[in-house]
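**Student:** The structure that follows is given in the form of structure tokens.
Chains as they are written, first to last, in our numbering: chain A, 10 to 166; chain B, 4 to 546.
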């Protein structure tokens, strides 16, 4: 992916070059372009007058900041206790089985990335997963199939 | 002239189920009947239930419909608002959870009815309109302290109220404020910890989504009390809607002169900034939160010095949880005596819980401190689901304790729980039936800590992984007596030698699990999972 300099400068202008703005700058950049390239982090480092290692160290710490390219759609499945006892284990297995990948991996066609996530605060409708930022609750293995198909179909249309 | 109001639930779940489309449908239909000037349509924040969303409440009748689709909306307008007939078949199922609503005091039952201090307005006002907050005594407490209280008198009032931090530790709030008050420093800060990430806990999200101004007002009061003119809200990155509500609330409060420079012509100025997190459980730990607020990795700081001495930007800082802050305006408005009349002598006030798991009714409840778990289960939870037997409750998210049946009658408050070697935690109550396996549950809880350990100190970074490996062997049927010994040993190290609360809390489920359910661990060593949950496959041990 090409590093979009205009975008980086836009985000930095919005938050300022104060060191305190680093986390927010990186999060916004990651959200806008999917992930942070090495070059993008270097530009941020120069602008904020920080060592690139420091910028990478912060970027890699937070889960909402991506430092590697992910699939077109990212599934984040909650693996915590409330969802687990509401039937989360079957959903976990169903996701791995249907996508043919393990948690933490991306499908070979680059369509799906499957990630575990910590509690999303939507436990009242567990088990829960996010597809990109869209929440899906009360999951059953059948529902998971429907949702996956829906995204595949939407992409083909 | 407004003769009726339509309230539509607008928490994230309602929105994901089409609350916005429903609202548009109501507006379109009202416009068709020329009723737009008579009937107001507003979002009300969370509905405090999850079964009938989007929930619609029509006042003055208080009729509750749900779930309401756009087509239903059109029908309801025609029938109820045009012809004056209740649409029976669209009514929401009776609400078992609360039996109480701010607008229907007649329904409040006996002494067991929910005590609403923190959630007084959530769900009954439009959180996007400051006017509604003001109409319900909002910013009255701030006005009172600015005109009638010295800063020191505010600190003393909070001290006397006996309010304790609701984030989990239960530290006396007034005492914390007095530490910052006594610091000689030109710059002090108020930080609101809204990085709620304990599994199973979402009370702070609902408070912020339903009543954002209460938190802003409380922060300004805290600022006046300790001598701070800047406040920061560190909100969890995933809480998009709460963040939008807060942004709007801050803007509205500034327009009304209730935040910003020279508030209510008092000479006191207070500015509130919003900082959204980027995804890290550890940032709920107050010193890690401050590091993150300064743009760094969220890694805990060594204490002392405590944040009250050297916090944000190394200046004296009050860090308070959302629920704690939401208690402040009611205490100022109604007085210390009123607050102390709720709850217990040593732990006054209420506690908000999110109740989940094997009960008939799940959701958010606010109850007086000191109520027993048995009462919570029977009265608010509607008893155990599907005839299951109560096996244990797990409090406070991942860092909470297991509460076995023999502790069902221990009062739920900080002091009583502490005496039993358990913790009240953050306010999650995960209720488990006899079909739950303690080893499996401990495994899932430990997996959370392995993922969320920040990696700074060894007892937590390595200890959590070792404990998880032992639990995995037990689940797979490979466990030995040695694993049990090892679990106990690693749990002791992690709880005593970890740098911060995360590592210290990581083995709590193992420690309390072994204390109350040891025979179940022993059964796994023999190759049996009594609840028939664990795989016990004796396949290759996953690392």
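Backbone N, C-alpha and C define an ideal beta-carbon position, used for all residues, glycine too.
Source: prediction; values computed, not measured.
#1: Counting C-beta neighbours from all protein chains within 10 Å, is the total for residue 221(B) 16 or more, i.e. buried, or is it exposed?
#2: Of the residues that make up the stretch 384 to 405 of chain B, which ones have a beta carbon closer than 9 Å to any beta carbon in chain A?
#3: So, residue 287(B) versus residue 294(B), is the Cβ gap smaller than 8 Å?
#4: Where in the stretch 231 to 263 of chain B do unbroken runs of the beta strand (DSSP E), each at least 3 residues long, occur, reported from the N-terminal end onward?
#5: Between residue 129(A) and chain B, is the shortest Cβ-Cβ distance under 8 Å, so that the two count as touching?
#6: Taking C-beta to C-beta, are residue 224(B) and residue 335(B) nearer than 8 Å?
#7: Does DSSP put residue 73(A) in a helix, a strand or coil?
#8: Can you tell which of 169(B), 92(B), 12(B) and 53(B) has the C-alpha that lies nearest to the C-alpha of residue 356(B)?
#9: To be precise: take each residue of the stretch 69 to 91 of chain A, compare its Cβ to all Cβ atoms of chain B, and keep it if any distance is under 7 Å. Which residues remain?
#10: Can you tell me whether residue 466(B) is helix, strand or coil according to DSSP?
#11: Is residue 134(A) helix, strand or coil when you go by DSSP?
#12: What three-state label does DSSP hand residue 413(B) in the structure shown?
#13: Touch check for the stretch 404 to 416 of chain B and the stretch 375 to 384 of chain B: three-plus C-beta pairs under 8 Å?
#14: State the beta-bridge partners of residue 1(A) as determined by DSSP.
#15: Are residue 597(B) and residue 482(B) closer than 8 Å when you measure CB to CB?
#16: Using a Cβ-Cβ distance cut-off of 8 Å, determine whether residue 42(A) contacts chain B.
#17: Compare the C-beta of residue 107(B) with all C-beta atoms of chain A and state if any pair is closer than 8 Å.
#18: Beta-carbon within less than 8 Å of residue 525(B)'s beta-carbon, same chain only, minus the 5 sequence neighbours each way: which residues are those?
#19: Pick out whichever of 199(B), 457(B) and 159(B) has its Cα sitting closest to the Cα of residue 185(B).
#20: With DSSP collapsed to three states, give me the class of residue 193(B).
#21: Could you compute how far the alpha carbon of residue 436(B) sits from the alpha carbon of residue 394(B)?
#22: Flag residue 197(B) as yes if its beta-carbon sits less than 8 Å from any beta-carbon of chain A, otherwise no.
#23: Name, please, each residue of chain E whose Cβ falls closer than 9 Å to the Cβ of residue 144(A).
#24: I'd like to check one pair, residue 196(B) with residue 330(B): are the Cβ atoms closer than 8 Å?
#25: Is residue 463(B) close to chain A? Criterion is C-beta to C-beta, closer than 8 Å.
#26: Taking only runs that begin and end inside the stretch 340 to 424 of chain B, name each unbroken beta strand (DSSP E) of 3 or more residues, in chain order.
#27: Tell me the rounded alpha-carbon separation between residue 37(B) and residue 57(B).
#28: For residue 492(B), which option in 472(B), 504(B) and 466(B) has the closest C-alpha, if you only look at C-alpha atoms?
#29: Between residue 419(B) and the rest of its own chain, which residues show a CB-CB distance below 6 Å, the 5 nearest in sequence each way excluded?
#30: Buried or exposed: residue 82(A), going by 16 or more other Cβ atoms within 10 Å of its Cβ?
#31: Where DSSP assigns a beta bridge to residue 440(B), which residues make up the other side?
#32: For residue 102(A), would you say it is in contact with chain B, using Cβ-to-Cβ distances shorter than 8 Å as the test?
#33: Taking 8 Å as the CB-CB limit, is residue 354(B) close to chain A?
#34: Closest Cβ-Cβ distance between residue 54(A) and chain B: below 8 Å?
#35: Mapping the DSSP letters down to three states, classify residue 507(B) as helix, strand or coil.
#36: Beta-carbon of residue 300(B) versus every beta-carbon of chain A: anything under 8 Å?
**Tutor:** Considering the structure as presented:
#1: With 16 or more other Cβ atoms inside 10 Å of its own Cβ, residue 221(B) counts as buried.
#2: 397, 400 and 401
#3: no
#4: Counting only runs of 3 or more, we get 233 to 238.
#5: yes
#6: At a Cβ-Cβ threshold of 8 Å, residue 224(B) and residue 335(B) count as neighbours.
#7: In the structure shown, residue 73(A) sits in coil (DSSP, three-state: anything other than H, G, I, E or B).
#8: 169(B)
#9: 70, 71, 72, 73, 74, 88, 89, 90 and 91
#10: Residue 466(B) sits in a helix when the DSSP states are folded into three classes.
#11: helix
#12: coil
#13: yes
#14: Limits of chain A in this structure are 10 at one end and 166 at the other, which puts residue 1(A) out of reach.
#15: This structure leaves residue 597(B) out entirely; chain B is present only between 4 and 546.
#16: no
#17: Annotation note: pLDDT 23 at residue 107(B) (below 50); position unreliable, coordinate value reported separately. Not one chain A Cβ lies under 8 Å of residue 107(B).
#18: 487
#19: 159(B)
#20: strand
#21: Distance from the CA of residue 436(B) to the CA of residue 394(B), rounded to the nearest whole angstrom, comes to 5 Å.
#22: no
#23: Reference to chain E is not applicable here, since the protein chains of this structure are A and B.
#24: no
#25: no
#26: Correct list: 353 to 360, 366 to 371 and 393 to 398.
#27: Inter-residue distance for residue 37(B) and residue 57(B) is about 24 Å (C-alpha atoms, whole angstroms).
#28: Residue 492(B) has its Cα closest to that of 466(B), out of 472(B), 504(B) and 466(B).
#29: 413.
#30: buried
#31: In DSSP, residue 440(B) forms no bridge with anything.
#32: Not closer than 8 Å to any Cβ of chain B, the Cβ of residue 102(A) fails to qualify, so no.
#33: no
#34: no
#35: helix
#36: yes
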